[in-house]
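Engineer: Can you read through this structure? Questions will come right after.
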Amino acid sequence: MSNTKTPEAKLSSVMEENRLFPPSAEFSAKARVNAATLESLRAAAAEDTVGFWAGLAKQHISWQTPFTIALDERDAPNYRWFTDGRTNASVNCLDRHLGASGDKPAIRFEGETGDVRIWTYTQLHAEVCKLANGLKSLGIAKGDRVVIYMPHTPEAVIAMQACARIGAIHSVVFGGFSASSLRDRIEDAGATVLITADGGKRGGHIVELKKAADEALSGGCKTIEHVIVFKRTGQAIAWNEQLDLDWTTLLAQQSERCEPEWVEAEHPLFLLYTSGSTGKPKGIQHSTGGYLVNAAVSCQWVFDLQASDVFWCTADIGWITGHSYVTYGPLANAATILIYEGAPTVPDAGRFWKIIQDHQVTIFYTAPTAIRALMRLGDEWPEAYDLSSLRLLGSVGEPINPEAWMWYHRVIGKEKLPIVDTWWQTETGAIMMSPIPGATPTKPGSCTQPLPGIFVDVVDESGTPVEGNNVGGYLVITKPWPSMLRTIWNDNERYIKTYWEQFGNKVYVAGDSTHRDNDGYYWILGRTDDVLNVSGHRLGTMEVESALVSHPRVAEAAVVGRPHEVKGEAVFAFVTCKGRRPEGEEAAALVKELREHVAKQIGAIAKPDDIRLVDNLPKTRSGKIMRRLLRSIAKGEEITQDISTLENPAIVAQLQGKE
Ligand code: WTA
């Protein structure tokens, strides 16, 4: 598989990939965007990029006060969009559909245990208003931060929308993160309310959310004044009379109407913490107006979203994909979304396909890691279900290897459905590069080209654009766009340093390396910073290292990525111990303990797949850890690099696990 190779080998493997899949005439005929429309969109965007976005902002978003300023560049790279306009995200996602689509299902929900619930737009609106009023009754107002730590159920969407309705800034923390990750995020955001649940149901287990929340709060989070608890599982939980409020009781006292708080376009809609090159996750701050524009428009361009669609994005609400393509984009388009709470293989490997059949899903958007995992379980699973409702497939979160792409195309798409491989990031807010399903010929493994209004380039080490095609380098975005991150919460310096400074504050540095092929198509090769992509989830190597060294037995740790058939990348840790290096059973026991320790510090997704206990880490004479050497070792490659600068060359055999 190409994803188990080095960047160089990966590049040559994708370059051998020359299959081309033109859009089907049948799809193009009905599509919102065909080749001719795409061409005119691109032409309009090239001619007047800011005017192009301003036009879309007026067309797709309802404004209480229309904007007259489209882009304010005075504090670039802190760009501002639609600054004198006022709007509200929840009104755009709910109120404006109540007339024509009030009785239309907004959410079809299926729990892991098979319970199904449906919310029409009218019902969803009422619930959102009740929670919004509940928050207001607790004194929550515009600009206050609310952390949401919920299972993947509609209540998570309701919580987000309720915050948006009153101008509170939400920060969703993925339910798989540990108590200590939750605590860090609450503290960094200075949140006053936490919305959580007793538990969630996933993988046949109960995820103990309230217990983790209690643990987080017991060690800090002094700003939290209230904890709203939704009862999902009904399990016994500890109850703190000072803080805890029952969701149902709180909502029962509230009106189904809540006047929205009209906020300026730049008012932060949410923070979402993501991993970077340091041990501390960064709170990516998104705006209200600009964010909504890209989230809404991309649904129409990329997913060809139509009124009759049932749109299933499998991402958890805790990730950016769950924000833009579960909560905000599809609802802004009055679509019906499907939310499934659980794991893809419960009770068996046919669950996803059965859901598609039962709910007549038309658009299915998932991650390559899920595609690879389902592919390995055998074609008989999808073949046992009627998938004929599907009309479009999507992929997001990591490079999709051509083999997985072809399986998706052949077995799920029956060789006729378009596949959109969408490249974007937490920071970009919405899809930046993707095929347009009715217009762009696709190539397995390529996200093809930027969307209209998005301008990307390839630059070299010095930031100089690499001319022509069949070239590679750093991926940059050369013009601002409405849904770009505004800053890092409480750390604008880090914002500038991370995304702009490297190439003179002129272009946005994505942190990915890319190849542009002879047709001008982009192929994402991977991250250029110390960030791993494990099962489509971003994980900072430094975060895992800090988790490891917080264990009393650990002296030093170095974490690198290793290619993994299903996860894309796996976490590989080299660890030195305080005192003697344990061996045999003692070593095995410590490794097990360290894996659990990392899960406790960060969350199960960060558990290292491999931990190798060694006497020393490979360092240069100036004391720098030789990460490139560790990466080669983790991959099991021959050591070809120069190790003459290594302080302790004898360590190599031990690092390789040979002694
Ligand atoms: C990677 C997820 C290749 C990339 C929306 C990016 C991809 C990081 C793709 C962002 C894709 C995302 N092809 N790589 N289609 N989509 N990536 O912030 O490395 O969780 O920088 O946002 O995922 O991850 P994030």
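Quick note: to get the numbering used here, add 1001 to the position in the sequence shown (first position is 1). Note that beta-carbon positions come from the ideal geometry of N, C-alpha and C, so glycine has one too.
1. Is residue 1276 closer than 8 Å to residue 1532 when the C-beta atoms are compared?
2. Please say whether residue 1544 and residue 1559 have beta carbons closer to each other than 8 Å?
3. Give every residue of the same chain whose Cβ lies closer than 7 Å to the Cβ of residue 1549, excluding the five residues on either side of it in the sequence, and list them in chain order.
4. Which residue comes first and which comes last in the alpha helix (DSSP H) that contains residue 1463?
5. Indicate whether the contact test is met: 3 or more Cβ pairs, each with one atom in the region 1106-1119 and one in the region 1200-1211, closer than 8 Å.
6. Given residue 1171, which residues of its chain have a CB within under 6 Å of its CB, disregarding the five upstream and five downstream residues?
7. Quick check: residue 1210 and residue 1176, are their CB atoms within less than 8 Å of each other?
8. Given a cut-off of 8 Å, decide if residue 1196 and residue 1234 are closer than it, judged by their beta-carbon atoms.
9. DSSP three-state call for residue 1362: helix, strand or coil?
10. Taking Cβ positions, are residue 1363 and residue 1388 nearer each other than 8 Å?
11. Any C-beta of chain E sitting closer than 8 Å to the C-beta of residue 1267?
12. Below 8 Å on the Cβ atoms is my contact criterion, and I expect residue 1285 with residue 1486 to pass it. Report the Cβ-Cβ distance as a whole number of Å.
13. According to DSSP, simplified to helix, strand and coil, what is residue 1504?
14. State the Cα-Cα distance for the pair residue 1018 and residue 1086, rounded to the nearest angstrom.
15. Rounded to a whole number of angstroms, what is the C-alpha to C-alpha distance between residue 1198 and residue 1225?
16. From residue 1107 to residue 1128, what does the alpha carbon distance come to, in whole angstroms?
17. List, from N- to C-terminal side, the alpha helix (DSSP H) runs of 4 residues or more that fit wholly inside the region 1112-1191.
18. Sorry if obvious, but does the Cβ on residue 1425 come closer than 7 Å to a heavy atom of the ligand WTA?
19. With distances taken between CB atoms, is the gap from residue 1419 to residue 1400 smaller than 8 Å?
20. In the structure shown, what three-state DSSP assignment does residue 1073 receive?
21. Kindly indicate which three-state DSSP category residue 1096 falls into: helix, strand or coil?
22. Cα separation between residue 1701 and residue 1131?
23. Check residue 1263 in the structure and name its three-state DSSP category.
24. Within 10 angstroms of its Cβ, does residue 1040 collect 16 or more other Cβ (buried), or is it exposed?
25. Could you tell me if residue 1189 is buried or exposed, where buried requires 16 or more neighbouring beta carbons within 10 angstroms of its beta carbon?
26. Rounded to whole angstroms, what is the Cα-Cα separation between residue 984 and residue 1592?
27. I'd like the list of long-range same chain contacts for residue 1151, defined as Cβ closer than 8 Å, with 5 residues on each side in sequence excluded.
28. Give every residue of the same chain whose Cβ lies closer than 6 Å to the Cβ of residue 1279, excluding the five residues on either side of it in the sequence, and list them in chain order.
29. Is residue 1513 near the ligand WTA, judged by its Cβ being under 7 Å from some heavy atom?
30. Can you tell me whether residue 1042 is buried or exposed? The criterion is at least 16 other CB atoms within 10 Å of its CB, across all chains shown.
31. Got a sec: does the ligand SAM put a non-hydrogen atom nearer than 7 Å to the Cβ of residue 1422?
32. Exposed or buried, which one is residue 1004 when buried takes at least 16 other CB atoms within 10 Å?
33. Return the residue from the list 1339, 1514, 1616 and 1553 that minimises the CA-CA distance to residue 1358.
34. What did DSSP end up calling residue 1059 once you bin it into helix, strand or coil?
35. Are at least three pairs of beta-carbons, each pair with one atom in the region 1049-1056 and one in the region 1066-1084, less than 8 Å apart?
36. Output the boundary residues of the beta strand (DSSP E) element that contains residue 1524.
Structural biologist: Once the coordinates are examined:
1. yes
2. no
3. 1555, 1558, 1574, 1576, 1595 and 1599
4. Note, residue 1463: premise wrong, no alpha helix (DSSP H); not H, not E.
5. yes
6. 1147, 1149, 1161, 1164 and 1271
7. yes
8. no
9. coil
10. no
11. The chain inventory of the structure shown lacks chain E, comprising one protein chain alone.
12. 5 Å
13. helix
14. 47 Å
15. 16 Å
16. 12 Å
17. 1122-1138, 1155-1167 and 1180-1190
18. yes
19. no
20. strand
21. helix
22. Given that the chain is displayed from residue 1002 to residue 1660, the structure contains no residue 1701 and the question cannot be resolved.
23. coil
24. exposed
25. buried
26. This structure leaves residue 984 out entirely; the chain is present only between 1002 and 1660.
27. 1157, 1160, 1173, 1176, 1196, 1197, 1198, 1201, 1210, 1231 and 1318
28. 1543
29. yes
30. buried
31. Absence of the ligand SAM is noted for the structure shown, with the ligand WTA being the only ligands found.
32. In this predicted model, residue 1004 has a pLDDT of only 38, less than 50, meaning its place in the structure is not dependable enough to derive any value.
33. 1339
34. helix
35. yes
36. 1523-1528
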